[in-house]
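Residue numbers (the numbering used here): 1 to 261.
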């Protein structure tokens, strides 16, 4: 079995693969104060709940956008799982031809999501990640990663709105029935959900124009991907896959140990 760990800005997502099947997934909140022992103990506890032990694990792969947590998680894997993890970074085989001006600036999560979309759903493709930031990536037909653009995340925008205003409340991010609403909460929901749906639609349309490809598949991931897809109604987003990052990590792991070429 393989453990895939994605260290994001808000959460650490962990998936357990038996062969190509994702048999379990769980997440921890990102806390940079966590020690390797705290992370390792928590990891062992959730594995135990799933009736898994360290001896079941053949390998570990990590992608991270939190450099200060890399040593903590890597050390926990070595000590509590007995495995030195593979780290997604410069020099690792991905199967993509990275055309970014400075590849070292490129977030590992963007690479991993693009690998998964390319391998699982085909190219050319646009990959949208609804996370702490809303990130758009474009992969050309031949597997060239061409870059993309970054906008604020929906939840990040909500948090900023609540923090910077005196009277706006924290709300649940769900779709209201209409744009014109009569409560402050539904006013905020409409502005955020419908507003971001419009942002996503416009950026995807412009990316399709720029890339000039006739048939571009749009793959979305992240917690609010399905909400935004439902709001758009028309076929702007073709596929939502909330496990896209974990699947991409497994694909990269297999490629680097000589499987899945």
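Heads up, the beta-carbon is just placed ideally off N, CA and C, and yes, glycines get one too.
query, result
"Residue 53 classed as buried or exposed, judged by whether at least 16 other C-beta atoms fall within 10 angstroms", "exposed"
"Residue 31 beta carbon less than 8 Å from that of residue 11", "no"
"Beta-ladder partner(s) of residue 152, from DSSP", "133"
"Contact under 8 Å by Cβ, residue 117 with residue 219", "yes"
"Identified DSSP bridge partners for residue 221", "129"
"Cutoff 6 Å; reference residue 56; Cβ partners in own chain excluding five residues on either side", "1"
"Residue 230 versus residue 29: straight-line alpha-carbon distance, rounded", "27 Å"
"Residue 43 vs residue 76 beta-carbon contact at 8 Å", "yes"
"Beta strand (DSSP E) segment containing residue 119, residue limits", "Premise fails: residue 119 lies in the alpha helix (DSSP H), 108-121, not in any beta strand (DSSP E)."
"Residue 203: first and last residue of the uninterrupted alpha helix (DSSP H) it sits in", "184-211"
"Residue interval of the beta strand (DSSP E) (run including residue 63)", "59-64"
"Range of the contiguous alpha helix (DSSP H) that encloses residue 167", "That residue, residue 167, is in no alpha helix (DSSP H); it is neither H nor E in DSSP."
"Rounded distance between the beta-carbons of residue 131 and residue 258, thought under 8 Å", "Incorrect: roughly 31 Å between the Cβ atoms, too far for contact."
"Strand pairing of residue 29, partner residues [DSSP]", "11"
"Cutoff 6 Å; reference residue 98; Cβ partners in own chain excluding five residues on either side", "145"
"Under 8 Å between C-beta atoms of residue 112 and residue 63", "yes"
"Alpha helix (DSSP H) segments (min. 4 residues) lying fully within the stretch 224-252", "225-232"
"C-beta contact flag for residue 201 and residue 154 at 8 Å", "no"
"Identified DSSP bridge partners for residue 100", "Residue 100 pairs with nothing; no bridge assigned."
"Host alpha helix (DSSP H) of residue 76 (start-end)", "67-76"
"Backbone CA spacing between residue 203 and residue 125 [nearest angstrom]", "14 Å"
"Inter-stretch contact (C-beta, 8 Å, three-pair minimum) for the stretch 168-185 and the stretch 233-252", "no"
"Cα-Cα separation, residue 19 to residue 178", "45 Å"
"C-alpha gap between residue 59 and residue 68, whole angstroms", "22 Å"
"Cutoff 6 Å; reference residue 156; Cβ partners in own chain excluding five residues on either side", "132"
"Given residue 247 as reference, the closest of 88, 120, 78, 232 once Cα atoms are compared", "120"
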